[in-house]
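A quick write-up on the structure given underneath.
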Amino acid sequence: MILNSSFHLPVLLPEVIKALNIIKGNIYIDATLGGGGHSEEIIKNGGNVLAIDKDQGAINFVKSAWRNNTRLRTVEGNFKDITNIAQKNGLQNVDGILFDLGLSSFQIDGSGRGFSYLRDERLDMRMSMEDKVDAEDIINKYSIEQLYEIFSKYSEEINSRAIASAIISARRIKINIKRTKDIVGIVESVLNKIYLRLPNRDYNQIRNSTLSRIFQAIRIEVNSELSNLEIGIKQAINLLKSNGRLVVISYHSLEDRIIKLTFEHYQSRGVISTLSKKPIRPKYDEIISNPRSRSAKLRFIRKI
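If you read the sequence shown in numbering that gives the first Met the number 0, its first letter stands for residue 0, the second for the next number, and so on.
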């Protein structure tokens, strides 16, 4: 059974399967189920999968597609709780764990939660609808210093303070900033003043990259992505059996830095062996067929 590729094209699929070193009958955790493409391939190669996702929509999609498959268990949850989730499902140790930190195509294109600046949607950005704080709360309640901190820290945007200031100014005029188009307009108002004389092509490139980074920063804050990642990876290493594999796919430098430093820490203490000195990147053909894979980096380790 082939899962609907429109939900999520699995990134670096052959590389993931090779890195996990799947052995028939062994148990693997897919900590970020998404559209299920990686889990499907693990099962095809003989593995049994416990799959976790914060998004109930992803869980429902894969459960309906796989219905009676006894080699797949799905759990709604956060990978920062991976140890408790595994234990509640009768697992003390596992043979391999995968983290794919990218948003699924469904979340970007079909969730209506405002993950992309390309669509006019409500400012939400929650991966899990059980979480209380959403993007609208952050944009309308954070102080200028708090906004500046998340933009500078999570987007590394050089105009972070000007954008934070513009949001505060917009709040004084407008009761609530509710939609993605409101953020787009605010960011554009800042960029228009700074890059007024640039040719259209150069301006559009700056505009798009700035909006991508600002939306990334808001999403990271809403979902506590970086702190959860650090917690999740450390727990995953402890969950692995001896010779078990941990594979992590990241999509921006902030994630990759956490992964690299965590792996270096555990390797220096003789807990793991890093199996990829440099991250594995998508091949040209994959980038052409799935442009969202362009920024992906895969790192993996073996538990000693």
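Beta carbons are placed, not taken as given, at the ideal position from N, Cα and C, and that holds for glycine.
A Cβ-Cβ contact shorter than 9 Å links residue 79 with residue 227.
Distance check between residue 155 and each of 251, 122, 24 and 276 places 251 closest, using alpha-carbon atoms only. Within the same chain, Cβ atoms closer than 7 Å to the Cβ of residue 271 are found at 236, 262, 265, 300, 301, 302 and 303, the five residues on either side in sequence being excluded. Taking C-beta separations shorter than 6 Å and ignoring five residues to either side along the sequence, residue 200 has no partners in its chain. A straight line joining the alpha-carbon of residue 288 with that of residue 137 spans about 35 Å.
Secondary structure of residue 187 (DSSP, three-state): helix. Rounded to whole angstroms, the gap between the alpha carbons of residue 119 and residue 178 is 7 Å. Judged by beta-carbon spacing, residue 19 lies beyond the 9 Å limit of residue 36, meaning their Cβ atoms are not closer than that value.
Contact annotation: the segment 160 to 178 does not touch the segment 87 to 102, with fewer than three C-beta pairs closer than 8 Å. As DSSP reads the structure, residue 49 sits in a beta bridge with 28 and 72. Rounded to the nearest whole angstrom, the C-alpha separation of residue 152 and residue 27 is 33 Å. The secondary-structure analysis by DSSP pairs residue 273 across a beta bridge with 300.
Taking 8 Å as the upper bound for CB-CB distance, residue 48 and residue 243 are not in contact here, some 14 Å apart. Between residue 225 and residue 248, the gap from beta carbon to beta carbon reaches 9 Å or more. Short of 8 Å from the beta carbon of residue 295, and not among the five residues preceding or following it, lie these beta carbons of its own chain, in chain order: 10, 11, 101, 248, 249, 250, 280 and 281.
Counting every other CB atom within 10 Å of its CB across the protein chains shown gives residue 284 a total below 16, marking it as exposed.
Counted as a single uninterrupted DSSP element, the stretch harbouring residue 240 is not any alpha helix (DSSP H) but the beta strand (DSSP E) occupying residues 239 to 249. Looking at the DSSP output, residue 98 shares a beta bridge with 247. Counting C-beta pairs with one atom in each stretch, the segment 131 to 148 and the segment 189 to 198 have fewer than three that are closer than 8 Å, which means they do not touch. Residue 40 holds the alpha-carbon nearest to the alpha-carbon of residue 21 among 40, 144, 254 and 31. Residue 206 carries a helical assignment under DSSP once its states are collapsed to helix, strand and coil.
Membership of residue 91 in any alpha helix (DSSP H) is not indicated, and neither H nor E is assigned to it by DSSP. DSSP links residue 279 through a beta bridge to 297.
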